[in-house]
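Right, one structure below, let's go through it.
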Amino acid sequence: MITLLEKYQLNRMEQPPRPTLIDFHGVSMTKYFTDNWDNVQNFKARPDDILIATYPKAGTTWVSYILDLLYFGKTHPELQKSTPLQDRVPFLELCSPLQPSDLANKLPTTPRLIKTHLPVQFIPKSFWEQNCRIVYVARNIKDNVVSYYHFGRMNSLQPEPGDWSTFLHDFMEGKMVFGSWYDHVNGWWEKRQTYSKLHYMFFEDMIEDCGREIDRLCSFLGLSPSAEEKEKVTTGSKFDNMKQNKMANYSTVQVMNHKVSPFMRKGKVGDWKNHFTVAQNEKLDEDYKQKMKNATLKFRTEV
Ligand code: PPS
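Here our numbering is used: position 236 in the sequence shown is 216, and no number is missing along the way.
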């Protein structure tokens, strides 16, 4: 049987209808991330799997590409030229013909790098049982919501974003795919206290000094790239280079309309200042104070 999305893919002029949000065990989701739930929950992680976890738009692609270069840049340079990043780093919970089925088990390389946006309580238990390494990337709320808004505009697998002020309101309410930003970043932060193989990193730190963050990643992963290899990773993963790189910029994904907003959009800290009104900024600061009250987790909205 042909699915709706396949039908729309056959006709490249059309896009699938926008999904609507559903309440899934208390978290807003869409069917594209829940339809395959039993398989997701039964996913068989391997001890050397590396999970890259983020709230959407926090720097998943950047860190995925860095890890891909670190692990396979030297051994499989041909893959980076021929295979889009989204096919080299499977999206754990994505259920759509955009991703070949059982992609993680068909990867030609190990360790497997696997991407997820799931909140910590939804992670399949095999990742914990196998004591897998997990890299979590978090981004300050203001730039995160701006990036998510533009992503909603350009990606027809996302619910209709509405206008900016509606989107911001919904975001504060947690009415977003993958739920509340607050719950996500805090949930993973708390997990870090009890699960030692979790490396929690920040988009802003990467912008400030990507080389330093790559060193920290390598030390977490037990990697020791040569100076030349590290230079290749640092250069290859620069925003402008990734933006030009068809294998890393999502230009091959049909449901994304890069003319509306490119996937590799700005890649900055502080773009929120071009979007928030003074009143919106005050409202978000107030919301933040309420919801992050006891958190030791600190973000920077400027670098
Ligand atoms: S997704 O769809 O959730 O996987 O998106 P994600 O990759 O997490 O986030 C996309 C944002 O990350 C920016 N990005 C980068 N910034 C700086 N340097 C590099 N190399 C880089 N790669 C991706 C990307 O531009 C999106 O942020 P915005 O603010 O929208 O530009």
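Just so it is clear, CB atoms sit at the ideal spot from N, CA and C, and this is done for glycine as well.
Next item on the list: Assuming K290 and P70 form a contact by the criterion Cβ under 8 Å, report the distance between their Cβ atoms to the nearest whole angstrom.
Entry: An answer regarding residue 290 cannot be provided, because it is not within the stretch -19 to 283 covered by the chain.
Next item on the list: Starting from the C-beta of N16, find all residues in its chain whose C-beta is less than 6 Å away, skip the five residues before and the five after it, and write them out in chain order.
Entry: Taking the first residue of the sequence shown as position 1, residue 16 is located at position 36. So the list reads C75, once near-sequence residues are dropped.
Item checked: Contact check, W161 vs A33, beta carbons under 9 Å -> Locating residue 161 in the sequence shown gives position 181, counting from the first residue. Locating residue 33 in the sequence shown gives position 53, counting from the first residue. Against a cut-off of 9 Å, the Cβ pair of A33 and W161 comes out as no contact.
Checklist line | C-alpha distance - K177 paired with Y116, whole-angstrom precision | finding: On the sequence shown, position 197 is the one that residue 177 refers to. On the sequence shown, position 136 is the one that residue 116 refers to. Distance from the CA of K177 to the CA of Y116, rounded to the nearest whole angstrom, comes to 11 Å.
Notebook entry, point to check: Measuring CB to CB, does R133 end up less than 9 Å from V240?
Noted result: Taking the first residue of the sequence shown as 1, we reach residue 133 at position 153. Taking the first residue of the sequence shown as 1, we reach residue 240 at position 260. Yes, these two residues count as a Cβ contact at 9 Å.
Check: With respect to the beta strand (DSSP E) encompassing R113, which residues constitute its N-terminal and C-terminal limits?
Finding: By one-based count along the sequence shown, residue 113 stands at place 133. Element bounds for R113: R113 to A118.
Next item on the list: Find the nearest neighbour of A38 within the set P91, N120, K86 and I46, judged by alpha-carbon distance.
Entry: One-based indexing of the sequence shown puts residue 38 at position 58. Ranking P91, N120, K86 and I46 by Cα distance to A38 puts N120 first.
Next item on the list: Run the proximity test for I94: is its beta-carbon closer than 8 Å to any non-hydrogen atom belonging to ligand 1?
Entry: Counted from its first residue, the sequence shown places residue 94 at position 114. No, the Cβ of I94 stays beyond 8 Å of every heavy atom of ligand 1.
Item checked: Separation of D220 from R192, as counted between CA atoms -> One-based indexing of the sequence shown puts residue 192 at position 212. One-based indexing of the sequence shown puts residue 220 at position 240. Looking at the two C-alpha atoms, the distance is approximately 19 Å.
Next item on the list: Assign Y175 to one of three DSSP states: helix, strand, or coil.
Entry: Working through the sequence shown from its first residue, we reach residue 175 at position 195. Reduced to three states, the DSSP call for Y175 is coil.
Checklist line | Close-in-space but distant-in-sequence residues of the same chain around P242 (CB under 8 Å, 5 per side omitted) | finding: Locating residue 242 in the sequence shown gives position 262, where the first residue counts as 1. Cβ neighbours of P242 beyond the five flanking positions: M134, K223 and N229.
Check: What residue ranges within the stretch 23 to 91 form continuous alpha helix (DSSP H) runs of no fewer than 4 residues, ordered along the chain?
Finding: 40 to 52, 57 to 62, 65 to 68 and 83 to 86
Note to self: For a test of the three-state rule: what should DSSP assign to L(-10), helix, strand or coil?
What the structure shows: Within the sequence shown, the letter at position 10 stands for residue -10. Bear in mind that a pLDDT of 45 at L(-10), under 50, signals an unreliable position, so the number given afterwards is only what the model happens to contain. Helix.
Item checked: C-beta atoms of H97 and V157 nearer than 9 Å -> If you number the sequence shown from 1, residue 97 lands on position 117. If you number the sequence shown from 1, residue 157 lands on position 177. A contact, by the Cβ cut-off of 9 Å.
Next item on the list: Grab me the residues of L83's own chain with a C-beta within less than 6 Å of its C-beta, minus the 5 sequence neighbours each way, in chain order.
Entry: The sequence position of residue 83 within the sequence shown is 103, counting from 1. Residues P70 of the same chain have their beta carbon placed closer than 6 Å to that of L83, with the five preceding and five following residues left out of the count.
Note to self: Less than 8 Å separating the Cβ of T232 from some heavy atom of ligand 2?
What the structure shows: This structure does not include ligand 2; its bound ligands are ligand 1.
Notebook entry, point to check: Per DSSP, what kind of secondary structure is D185 in: helix, strand or coil?
Noted result: For the purposes of this step, residue 185 is identified with residue 205 of the sequence shown, where counting begins at 1. In the structure shown, D185 falls within a helical segment according to DSSP collapsed to helix, strand and coil.
Notebook entry, point to check: Taking DSSP as the reference, what is the three-state secondary structure of L93?
Noted result: Locating residue 93 in the sequence shown gives position 113, where the first residue counts as 1. Strand, per DSSP.
Next item on the list: Between the Cα of Q(-5) and those of K86, L137 and Q66, spot the shortest distance and give me the residue it belongs to.
Entry: In the sequence shown, counting from the first residue as 1, residue -5 sits at position 15. Taking only the C-alpha atoms, the option nearest Q(-5) is L137.
Margin query: Let's see if you can read the secondary structure: which residues bound the alpha helix (DSSP H) around P150?
Written below: On the sequence shown, residue 150 is found 170 positions in, with the first residue counted as 1. It is Asp, not Pro, that sits at residue 150 in the sequence shown. W144 to M152 is the extent of the alpha helix (DSSP H) around D150.
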